[in-house]
Structure formats: structure tokens, C-alpha cells
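First residue of the sequence shown? That's 1 in full-length UniProt numbering, and the numbers climb one at a time after it.
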Amino acid sequence: MNIVLFGAPGAGKGTQAKELIQKYEIPQISTGDILRAAIANKTPLGMEAKKLMDEGKLVSDDIVNGLVEARLQEDDCKKGFILDGFPRTVAQAEELDKILEKSNREIEKVIALEVSDEEIIERITGRRVSKKTGKIYHIKYNPPVDENPEDLEQRADDNEETVKKRLAVYNEQTAPVLDFYKKQNKVYSVDGAKKLEEITKDIIDILEK
């Protein structure tokens, strides 16, 4: 079961991935996690990526693709995998197809979590983190009960202006990836504004068709 979880920042990809990992016992692969691991393990690609990041530059597709290819060859991916946050561009999607082809695999289904920009902005700007416990709350959906209001803070990049910029980048660069997979008839849309359990059920229904 080789799937891609797709959706804007704040659409709930990470939350749903956790549910699917438990059910299907396949790993969630996020490029952020792979990058951090490669840097921590001081692999050649990791060191190259670190140099770029230290200079404030974006990590190139070549490096990201190389890291993903190495990760997909690990034993825990034999039963399948959940890609989260990759591919981000059509070029990465094309390269991913080539990487998988080498081992006679392909992306089987792309689950697109559909959430409106307004809802995303409300979700992200409403997040608060407790300085004392590190717990994450939401002023509307998950308000804190036993925390002091002064202990709660909003992360610097959870403000509306930054969220709008991230959505603009997503709509411009990443949304075309969906069209790439639609041409392969692999895209299944799920209403990401429903309750968590309902979204998980919808995704499982699609995967088990």
C-alpha cells in the first residue's frame, strides 16, 4: 500500500497519518523527518543539506529525491508507506515515479484532504502552545482547561500573514501535483473539515476499495 497524503499546511495530514500507521503498520515518511535524520547521522546528503540550510537556502530537489529514494529502500517500507509533504512539485512527482519504477512499485492512491483556506487560517492562527507543559491547544476547538492564560503563546509562524503566504506557495507550487496524479486516475478527495474519526473512516474506505 503505497500512498500519498495530500493537503495544505494545517489540513490534518499528520493526524491522519498516525491513524493509518496504527492500522496498517506501514511507516509515515515526511521529508522533514528524513532531513533531520540525515543531518543527525551526518550522511553525505545530510551534510550537503545542512550546508544549504545554514546558508538560508532551500534544499535542492536532487538532495530531497536522493533522501527519499534511500528511505524507501529500507526494510520497513516493504509492505508500503505513507508519503506526507512529498512530492511538493511536479518535478518531484515525476522523479518519484522513476524511483519507484526501479523496484516495480508505484503510487497506488493519493488521498487529498480538502479544507478551505478560511478553515486552515482559523485552525493555524487559533493554535496555542503552553510554555510550561508544551501541550498544543486551540482556542476554539480544544481550549485549555487547567492552564494559566499567561502560559499560553502563539508560535511565531502561526500568525495570519505567514499562514496566507504558506497557502499561496502551496496553491502555486504544490496544487499542480494533484493534476499530475489526476491524469493517472489516482486521486481520491476527502472532506477534511469533518470530524477526525469520520475523516479516518473515509480514508480507510478508499484504501480498502
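By construction, the Cβ of each residue, glycine as well, lies at the ideal position given by its N, Cα and C atoms.
By the three-class DSSP mapping on this structure, what secondary structure does residue i have?
{"i": "Arg166", "result": "helix"}
{"i": "residue 217", "result": "Outside the shown range of the chain (1 to 209) lies residue 217, about which nothing can therefore be said."}
{"i": "Leu83", "result": "strand"}
{"i": "Asn2", "result": "strand"}
If you compare alpha carbons, which of the options is closest to residue i?
{"i": "Glu198", "options": "Gly7, Gln16 and Arg123", "result": "Gln16"}
{"i": "Arg166", "options": "Ile121, Gln154 and Lys51", "result": "Ile121"}
{"i": "Thr43", "options": "Ile203, Cys77, Ser60 and Ala70", "result": "Ala70"}
{"i": "Gly66", "options": "Ile39, Ile99 and Leu58", "result": "Ile99"}
{"i": "Met1", "options": "Glu147, Ile82 and Lys186", "result": "Ile82"}
{"i": "Glu153", "options": "Arg128, Asn159, Val59 and Glu161", "result": "Arg128"}
{"i": "Glu147", "options": "Tyr141, Ile136 and Leu20", "result": "Ile136"}
{"i": "Pro176", "options": "Pro87, Asp205 and Ile26", "result": "Pro87"}
{"i": "Lys131", "options": "Lys140, Thr125 and Pro144", "result": "Pro144"}
{"i": "Asp76", "options": "Gly7, Tyr24 and Ile39", "result": "Tyr24"}
{"i": "Ile206", "options": "Glu108, Gly7 and Tyr141", "result": "Glu108"}
{"i": "Glu160", "options": "Asp117, Glu150 and Lys201", "result": "Asp117"}
Go through its chain and collect everything with a Cβ distance to residue i's Cβ below 8 Å, but skip five positions before and after it.
{"i": "Glu48", "result": "Ile63"}
Find out if the Cβ-Cβ distance for the pair residue i, residue j is shorter than 8 Å.
{"i": "Ala93", "j": "Tyr188", "result": "no"}
{"i": "Gln28", "j": "Asp84", "result": "yes"}
{"i": "Lys186", "j": "Val110", "result": "yes"}
{"i": "Ile26", "j": "Lys79", "result": "yes"}
{"i": "Glu119", "j": "Asp191", "result": "no"}
{"i": "residue 256", "j": "Arg123", "result": "As shown, the chain starts at 1 and ends at 209. That puts residue 256 outside it, with no answer to give."}
{"i": "Val59", "j": "Leu35", "result": "yes"}
{"i": "Leu178", "j": "Phe6", "result": "yes"}
{"i": "Ile139", "j": "Leu20", "result": "no"}
{"i": "Ile39", "j": "Lys51", "result": "no"}
{"i": "Thr200", "j": "Val163", "result": "no"}
{"i": "Glu8", "j": "Tyr181", "result": "The sequence shown places Ala at residue 8, not Glu. In this structure, Tyr181 does not lie closer than 8 Å to Ala8 by Cβ."}
{"i": "Thr31", "j": "Val4", "result": "no"}
Could you name the residues of the same chain whose beta carbon sits closer than 7 Å to that of residue i, not counting the 5 residues immediately before and after it, in chain order?
{"i": "Arg105", "result": "Asn2"}
Beta strand (DSSP E) runs wholly inside the segment 89-161, at least 3 long, in chain order: 109-114, 127-130 and 136-138
Whole runs of the beta strand (DSSP E) within the segment 8-95, excluding any shorter than 3 residues: 28-30 and 81-84
Continuous beta strand (DSSP E) assignments of at least 3 residues falling wholly in the segment 175-209: 187-191
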